[in-house]
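In our numbering, the protein residues as written are -14 to 452.
A virtual CB, placed ideally from N, CA and C, is assigned to each residue, including glycine.
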Amino acid sequence: MEIQKTRLVVVGNSFAASQCVVALLNELPSSFEIVWVRPTGKAKSDEMYGSITSPEAYKFNINVNCTEPDLLLKTGTSFSFGTGFVEWGQQKHQWMQCFHLPFHAEAGVYFHHFMTRHNANLSDYLISAQAAKLGRFAHPPSDNPNSALSRAEYGYHFDPLEWSELFYGYATRQDVNIIESAVTSVQVVDGNIASILLNNETKITADLFIDCSGSKSYLLSELNGKRYVQRQVQATSTRQAVAQTGPSYRQVRGRADGWESITPLQNCNLHFSQKALNGDVHKGYRPYSLGHNEKAWIGNCVGIGHSAYMLEPVTHGPYTLLMKDIERLLELVPLGRVLEVESKEYNRRYLNDIEHGLLFHKALYHDQYDVGYSVCEKLARKLTQFNHRGIVASFDLEPFNAQDWTILHAGVARTPNNYDQLADQVSEKDMAAKLTTMKKGIVHLAKQMPPHHLYITKLKQHLRGLQ
């Protein structure tokens, strides 16, 4: 007797849809049927994923059989050590929000406490920050743990539209039913989606509908879930051809009414601008509502990415939260037609991730002009603990790690009033000498690394030679 498959229907032509489909195809057993309803028009809101990934992108891509050579040879992807902030906030802060493994500890004391004691600049001791400032890049060595470069992490500069097409190509080579059609109507019965009707008159049913339609949220919006809006913004993105690939970091420049970014891809730069929306939308800009749904999973429909929430792409947060959506979905994929247990747990974790992602952005905007972010109890606790004695308080499974928070605190000149007194176990003179040696070594190493554009050029030549 043939076993009836569990049908999952993904709806949307978006970055989220492409990532979600390939993850489902590679992680789920053959007892699941994957259908991808893919409209012709791409989701305009994809620009709000930004153009920088977290270091976790490498692992996700490998798990879905997307190799780094594919990214470099088939798209304009480049490497990223992080984001350089310039003229940020009222104090015009400037720093490198770099990716880095946990910092060096001395005598069991976290490294940033010695920065406080010695009145030192944290970024001087982070190889990814120093290399990024010089526009250099090299892969962290896996066979030399004594090298300072082994502590660096990297993500990617990417164009969501390019990655969508690349991952679509991966999907077409697997067991998925792709229907190139738009949704014209949604039939809702007793809080569930009974079916969707396509513009080719096809009626589609599913055990679970996965809404990846972007900010339009064609499916989830039909279930009348409550949405919380933090603020209204407008944004635009353009491409500009360049003679050579830019540095190994994305630049974000603060403006009085928002911010702008430049992301160096291979042979072009992605320019993005976001402004507050206080009246009419400027020419060439699109309006967006930053916020989130009270529930991402309602009935037999779950919203992934912008269908359920939108976080501004000033950090890698939008990408990281999307990866958490997909991870959460894979862990809670339906076991039957009753979805109450799965949806309840999904929504609990979803709200935690959204809240914790927002904490970082609120801290980024702290003490700035009114951008609609209020200081909540959790953020107040984080800031109080750090300001008082340098404690980097954290909550379970936050999308931004302790290094991210420590670098942010240092970047906006948030200096603790006290440091861990256990640091005094280490001679101040000896530690000062050690810090001097570390700083010189990192500067020397960064200067020895090749320019980002040259590294990519040579690497691509090598990869083509292997084909």
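How big is the Cα-Cα spacing for residue i and residue j?
{"i": "S206", "j": "L320", "result": "25 Å"}
{"i": "Q217", "j": "S200", "result": "13 Å"}
{"i": "L13", "j": "V318", "result": "9 Å"}
{"i": "M434", "j": "A123", "result": "6 Å"}
{"i": "L193", "j": "G61", "result": "34 Å"}
{"i": "S65", "j": "Y404", "result": "32 Å"}
{"i": "Y95", "j": "L10", "result": "42 Å"}
{"i": "L208", "j": "L420", "result": "58 Å"}
{"i": "G426", "j": "L448", "result": "31 Å"}
{"i": "R121", "j": "H98", "result": "28 Å"}
{"i": "T230", "j": "Y139", "result": "17 Å"}
{"i": "P272", "j": "L262", "result": "7 Å"}
{"i": "C361", "j": "H351", "result": "11 Å"}
{"i": "I(-12)", "j": "S16", "result": "8 Å"}
{"i": "V174", "j": "S180", "result": "9 Å"}
{"i": "L250", "j": "A348", "result": "29 Å"}
{"i": "K424", "j": "H341", "result": "33 Å"}
{"i": "D109", "j": "Q115", "result": "7 Å"}
{"i": "N129", "j": "G302", "result": "30 Å"}
Would you decide whether residue i is buried or exposed? Buried here means 16 or more other CB atoms lie within 10 Å of its CB.
{"i": "N332", "result": "buried"}
{"i": "F45", "result": "buried"}
{"i": "Q452", "result": "exposed"}
{"i": "E186", "result": "exposed"}
{"i": "Q259", "result": "buried"}
{"i": "P232", "result": "buried"}
{"i": "I441", "result": "buried"}
{"i": "E32", "result": "buried"}
{"i": "F345", "result": "buried"}
{"i": "F380", "result": "exposed"}
I'd like the list of long-range same chain contacts for residue i, defined as Cβ closer than 6 Å, with 5 residues on each side in sequence excluded.
{"i": "M(-14)", "result": "The pLDDT assigned to M(-14) is 46, lower than 50, so where the model puts this residue is not dependable; a value taken from the coordinates is nonetheless given after this. Correct list: empty, nothing qualifies."}
{"i": "K443", "result": "none"}
{"i": "G176", "result": "G284"}
{"i": "S166", "result": "L183, N184 and N185"}
{"i": "E18", "result": "K(-10) and R(-8)"}
{"i": "K188", "result": "S180 and L182"}
{"i": "K27", "result": "N(-2)"}
Give the range of the alpha helix (DSSP H) segment to which residue i is assigned.
{"i": "L10", "result": "F0 to E12"}
{"i": "E330", "result": "E325 to Y350"}
{"i": "V428", "result": "E413 to Q433"}
{"i": "S65", "result": "Taken as a continuous stretch (DSSP letters only), S65 belongs to no alpha helix (DSSP H), being part of the beta strand (DSSP E) at S63 to S65."}
{"i": "K59", "result": "E53 to K59"}
{"i": "P125", "result": "Segment: none, P125 is in no alpha helix (DSSP H) and carries neither H nor E."}
{"i": "K260", "result": "Careful: K260 lies outside any alpha helix (DSSP H), inside the beta strand (DSSP E) at C253 to A261."}
{"i": "H447", "result": "H437 to L451"}
{"i": "Q370", "result": "E362 to R374"}
{"i": "G231", "result": "It is not in any alpha helix (DSSP H) - G231 carries neither H nor E in the DSSP assignment."}
Ignore the nearest five residues each way along the sequence and tell me which others in residue i's own chain have a CB closer than 7 Å to its CB.
{"i": "T223", "result": "H256"}
{"i": "R238", "result": "V71, E72, W244 and E245"}
{"i": "N386", "result": "none"}
{"i": "L315", "result": "A8 and E12"}
{"i": "D310", "result": "I289 and G290"}
{"i": "D338", "result": "L306, K309 and P384"}
If I follow the unbroken beta strand (DSSP E) through residue i, where does it start and stop?
{"i": "Q172", "result": "V168 to V174"}
{"i": "R271", "result": "R271 to N278"}
{"i": "K27", "result": "Run containing K27: none; DSSP gives neither H nor E here."}
{"i": "M81", "result": "H78 to C83"}
{"i": "S454", "result": "Outside the shown range of the chain, which is -14 to 452, sits residue 454, and nothing can be said about it."}
{"i": "S222", "result": "R212 to A226"}
{"i": "F194", "result": "L193 to D196"}
{"i": "Q(-11)", "result": "Careful: Q(-11) lies outside any beta strand (DSSP E) and carries neither H nor E."}
{"i": "E245", "result": "G243 to L250"}
{"i": "Q75", "result": "Taken as a continuous stretch (DSSP letters only), Q75 belongs to no beta strand (DSSP E), as it is neither H nor E."}
{"i": "H236", "result": "Residue 236 is actually Gln in this sequence, not His. Here the beta strand (DSSP E) through Q236 covers R235 to R240."}
Considering only C-alpha positions, which residue in the set the options is nearest to residue i?
{"i": "I289", "options": "C197, P436 and S15", "result": "C197"}
{"i": "R240", "options": "S16, K77, T305 and V(-5)", "result": "K77"}
{"i": "P453", "options": "D109, V94 and R235", "result": "With the chain running from -14 to 452 in the structure shown, residue 453 is simply not present."}
{"i": "Q88", "options": "A418, I392, H291 and E279", "result": "Going by the sequence as given, residue 88 is Phe instead of Gln. Checking every option, the nearest Cα to that of F88 belongs to I392."}
{"i": "T221", "options": "Q251, Y270, V227 and V377", "result": "Y270"}
{"i": "T101", "options": "P303, R449, N278 and A417", "result": "A417"}
{"i": "Q75", "options": "L336, V397 and S412", "result": "V397"}
{"i": "A312", "options": "E330, K280, S149 and P54", "result": "It is Glu, not Ala, that sits at residue 312 in the sequence shown. That would be E330, whose Cα lies nearest to the Cα of E312."}
{"i": "L382", "options": "A92, Y335 and K59", "result": "Y335"}
{"i": "A2", "options": "I(-12), S16, S30 and P126", "result": "S30"}
{"i": "L56", "options": "Y110, H85 and W148", "result": "W148"}
{"i": "L458", "options": "P130, K59, Q406 and F371", "result": "Because residue 458 is not part of the residues shown, which for the chain are -14 to 452, the question remains open."}
Say whether chain E places a C-beta atom closer than 8 Å to the C-beta of residue i.
{"i": "A2", "result": "Considering every chain present, this structure includes no chain E. It has just one protein chain."}
Does the Cβ of residue i lie closer than 7 Å to at least one heavy atom of the ligand PLP?
{"i": "V227", "result": "What this structure holds is no ligand at all, so the ligand PLP is not there to describe."}
Beta-carbon within less than 8 Å of residue i's beta-carbon, same chain only, minus the 5 sequence neighbours each way: which residues are those?
{"i": "C253", "result": "G61, R224, Q225, A226 and V227"}
{"i": "E53", "result": "Y43 and N46"}
{"i": "K432", "result": "L119 and R121"}
{"i": "N48", "result": "A8, N11 and E12"}
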